[in-house]
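Engineer:
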Amino acid sequence: MKNSEYLKKYVQLHPDNKMGWYLLGKDYESNGEQGKANYCFNQASDVYEAFEHSKVPDDLWEEYQTRLLQLSKDGEQRSRRIRALLMCIIMILLIGIPSIEAPASSQSALSSSQEPSVDVAVDEAQLEGSEDTPSTPVEANSRPSFTAQAAGSSQERASTLSDILSHPLPVNMVVLGMKRQDKWLLWKHDMPVAFTLEKNEAKEVTYRPYDPSECDCKPPDTSSLQADATAWIKKQEDTAVLSSGIKAFAIKNKRVPSHLNELVKAFPNNWISGTTALMKQNFAKIVESIDSSGANRGKDSLASSKGQQPPTLSANLGERPYFNEPLQIIVDKKNYRLAVVSGNVILRNYKVGLGGDRTPESNFVISDKVMNPNGSDRGEFGSRGMQLSASNYAIHGTDQPDSIGKDESNGCIRMGRKDVEELFDLVPKGTKVHISKGVLPDDLLVPAERYATKHGQDQTNPKKIYHWLN
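Structural data, given as structure tokens:
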């Protein structure tokens, strides 16, 4: 009952906190007060549904509504002790809650030989209401493992924590927070540390939030973590480009490439535009993982992909690649945007020029990637061109930069020089392109440091003069 009093005071001070209502409901439920529990679950709404996989109960709670809502707010400042206790209770409850991705896997994962038990540790200074800043996380024997997940709303944090705790944890887990726009998650080079999970030798897990509004404190310095996070983000982009190129090659040739050089031949066999040190280092591992998944069987095996799904923690904990699905291009004619996506994660969102009704709403693949399609980087198609299937449409640069954001082309997709050169390095030959309306957010998503590979092969085509519709 002591927990109930703390939590009741918490939701009085924070009536919009759905996680608080959910935890209070669980506490009432454990004490046999089902009517009060049902009321709290109703207030928790989507958080309750996320954890319980059921509709919110709506009976037997009306008699408690007036009594609970009439509890006066005393106006006192939020207590550090109450917030720390709330975090402790969150972790205790989450351990026994099934994963949203795999509802039946939680207990088996936690009771496996790799993870015989998971406990919760909370900084004692926080529980005692100390005013000291929380100490910096203790360095683990191994480097931290990173992932990126939606971590904005209470429901998103609940889903992320539930998923993490249903899988064997690394010693030091760092979760980067992605912003959401509609159905899309935004991949940025400066994604902040949302929280960490640290496991000690006794298998106790410490949850450490880095959002000041959540911990009611000054979080530890994240500069060292952010440096490692930036390196991890760039590694995942390299891996996404390479794995997408391998999969596209496999669809065409019914086998995976035997060597990285097979992907970086001269035009027209330039599946990827160039290489990086990480690609050379990780090629064999990525080929092995793709080959074992059946990608060498061609189009049918890859066509069974789920599509617009976010990367799940089960697929990317530890050193495994974050992006499960090949990179794709989506063009939005309504707001003049071209995005590079994997599942429901947007890696880039560029401003482009289009041709109004002359630009078709259809599906294509990049059939050719060519440098200097007019024989010079100063031609009407700029320094890069990517032909769309066997058509006269292409994604290319332009000698009319003022046309970006307008309908002045004859149907092709025009891009600024820096944008088209980065896109050329990001997306392999064989990349799918979908042109539609009203599907992408307006906000541009372009990093300060552009993605680039080292070009070693001739990617021009002196034998052909391109006559795209421009």
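The working numbering applies: residue 16 is where the sequence shown begins, and numbers increase by one.
All residues carry an ideal CB built from backbone N, CA and C; glycine is no exception.
(1) From the DSSP output, in three-state form, read off Asp-458 for me.
(2) Helix, strand or coil for Tyr-25 per DSSP?
(3) Pair every Cβ in the region 448-465 with every Cβ in the region 357-373, then say whether three or more of these pairs are closer than 8 Å.
(4) With H, G and I counted as helix, E and B as strand and the rest as coil, what does DSSP make of Ser-418?
(5) From the DSSP output, read off the bridge partner residues of Tyr-365.
(6) Just to confirm my understanding: we take Gly-431, look at its own chain, exclude 5 residues before and 5 after, and list those with CB closer than 7 Å. What are they?
(7) Got a sec? Which residues, its chain only, sit under 7 Å from Asn-476 by beta carbon, not counting five neighbours each side?
(8) Determine the burial state of Glu-436: buried for a count of at least 16 other Cβ atoms within 10 Å of its Cβ, exposed for fewer.
(9) For Val-346 versus Ala-173, is the C-beta distance shorter than 8 Å?
(10) Which of helix, strand or coil does DSSP assign to Phe-210?
(11) Where does Ala-292 land, buried or exposed, given buried means 16+ other C-beta within 10 angstroms?
(12) Based on DSSP bridge pairs, tell me the residues matched to Thr-475.
(13) Is Ser-238 helix, strand or coil when you go by DSSP?
(14) Where does Tyr-25 land, buried or exposed, given buried means 16+ other C-beta within 10 angstroms?
(15) According to the Cβ coordinates, are Asn-389 and Glu-395 closer than 8 Å?
(16) Tell me whether His-411 is buried or exposed, calling it buried when 16 or more other Cβ atoms sit within 10 Å of its Cβ.
(17) For Gly-47, count neighbouring Cβ atoms within 10 angstroms of its own Cβ and tell me buried if that reaches 16, exposed if not.
(18) Round the Cβ separation of Leu-212 and Ile-248 to the nearest angstrom and send it over; I've been treating them as touching at under 8 Å.
(19) Under the rule that 16 or more other beta-carbon atoms within 10 Å means buried, what is Lys-300, buried or exposed?
(20) For Pro-30, count the other beta carbons within 10 Å of its own beta carbon; 16 or more makes it buried, fewer makes it exposed. Which is it?
(21) Run through the DSSP bridge pairs and tell me what Asp-383 is partnered with.
(22) Hey, Trp-202 and Met-188 are a contact pair by Cβ (cut 8 Å); roughly how many whole angstroms apart?
(23) Among Val-356, Glu-340, Val-208, which residue has its Cα nearest to the Cα of Asp-226?
(24) Per DSSP, which residues does Ala-163 bridge with? Please list them.
(25) Where does the unbroken beta strand (DSSP E) through Arg-158 begin, and where does it stop?
Structural biologist: Per the coordinate set shown:
(1) In the sequence shown, the residue the question calls residue 458 occupies position 443. Here Asp-458 carries a coil assignment [DSSP, helix/strand/coil].
(2) Here residue 25 refers to the residue found at position 10 of the sequence shown. DSSP places Tyr-25 in helix when its eight states are reduced to three.
(3) Between the region 448-465 and the region 357-373 there are three or more C-beta pairs closer than 8 Å, enough to call the two in contact.
(4) Counting from 1 along the sequence shown, the entry for residue 418 is found at position 403. Here Ser-418 sits in helix by DSSP.
(5) Position 350 of the sequence shown, counting from 1, holds the residue named residue 365. As a beta-bridge residue in DSSP terms, Tyr-365 pairs with Leu-353.
(6) Reading the sequence shown from its first residue, position 416 is the one you call residue 431. So the list reads Pro-416, Ile-419, once near-sequence residues are dropped.
(7) By one-based count along the sequence shown, residue 476 stands at place 461. For Asn-476, where only same-chain residues beyond five positions count, the Cβ hits under 7 Å are Phe-282, Val-385.
(8) Indexing the sequence shown from 1 puts residue 436 at position 421. By the C-beta density criterion, Glu-436 is buried, having at least 16 other C-beta atoms within 10 angstroms.
(9) The residue you call residue 346 lines up with position 331 of the sequence shown. The residue you call residue 173 lines up with position 158 of the sequence shown. Cβ distance not < 8 Å, so Val-346 and Ala-173 don't count as in contact.
(10) Looking up residue 210 in the sequence shown gives position 195. In this structure, Phe-210 counts as strand in the three-state DSSP scheme.
(11) Within the sequence shown, the letter at position 277 stands for residue 292. By the 16-neighbour rule on beta-carbons within 10 angstroms, Ala-292 is exposed.
(12) Residue mapping note: residue 475 aligns to position 460 of the sequence shown, counting from 1. Under DSSP, Thr-475 takes part in no beta bridge, so it has no partner.
(13) Within the sequence shown, the letter at position 223 stands for residue 238. Note: Ser-238 maps to helix in three-state DSSP.
(14) Within the sequence shown, numbered from 1, the residue matching residue 25 stands at position 10. Tyr-25 should be labelled buried.
(15) One-based indexing of the sequence shown puts residue 389 at position 374. One-based indexing of the sequence shown puts residue 395 at position 380. Inclusion of Asn-389 and Glu-395 in the CB contact set at 8 Å is warranted, their separation being smaller than that value.
(16) As a working mapping, residue 411 is identified with position 396 in the sequence shown. So His-411 ends up on the buried side.
(17) For the purposes of this step, residue 47 is identified with residue 32 of the sequence shown, where counting begins at 1. Per the 10 Å Cβ criterion, exposed.
(18) Position 197 of the sequence shown, counted from the start, is the residue given in the question as residue 212. Position 233 of the sequence shown, counted from the start, is the residue given in the question as residue 248. 19 Å between Cβ atoms; not a contact.
(19) In the sequence shown, counting from the first residue as 1, residue 300 sits at position 285. So Lys-300 ends up on the exposed side.
(20) On the sequence shown, residue 30 is found 15 positions in, with the first residue counted as 1. Exposed, because fewer than 16 other Cβ atoms sit within 10 Å of the Cβ of Pro-30.
(21) Along the sequence shown, one-based indexing puts residue 383 at 368. Beta-bridge partners assigned by DSSP to Asp-383: Gln-402.
(22) Within the sequence shown, residue 202 is the residue found at index 187, counting from 1. Within the sequence shown, residue 188 is the residue found at index 173, counting from 1. Contact between Trp-202 and Met-188 is ruled out by a C-beta separation of about 19 Å, above the 8 Å threshold.
(23) Counted from its first residue, the sequence shown places residue 226 at position 211. Scanning Val-356, Glu-340, Val-208 for the CA closest to the CA of Asp-226 turns up Val-208.
(24) Position 148 of the sequence shown, counted from the first residue, corresponds to residue 163. Beta-bridge pairing links Ala-163 to Leu-191.
(25) If you number the sequence shown from 1, residue 158 lands on position 143. Premise fails: Arg-158 is in no beta strand (DSSP E) and is neither H nor E.
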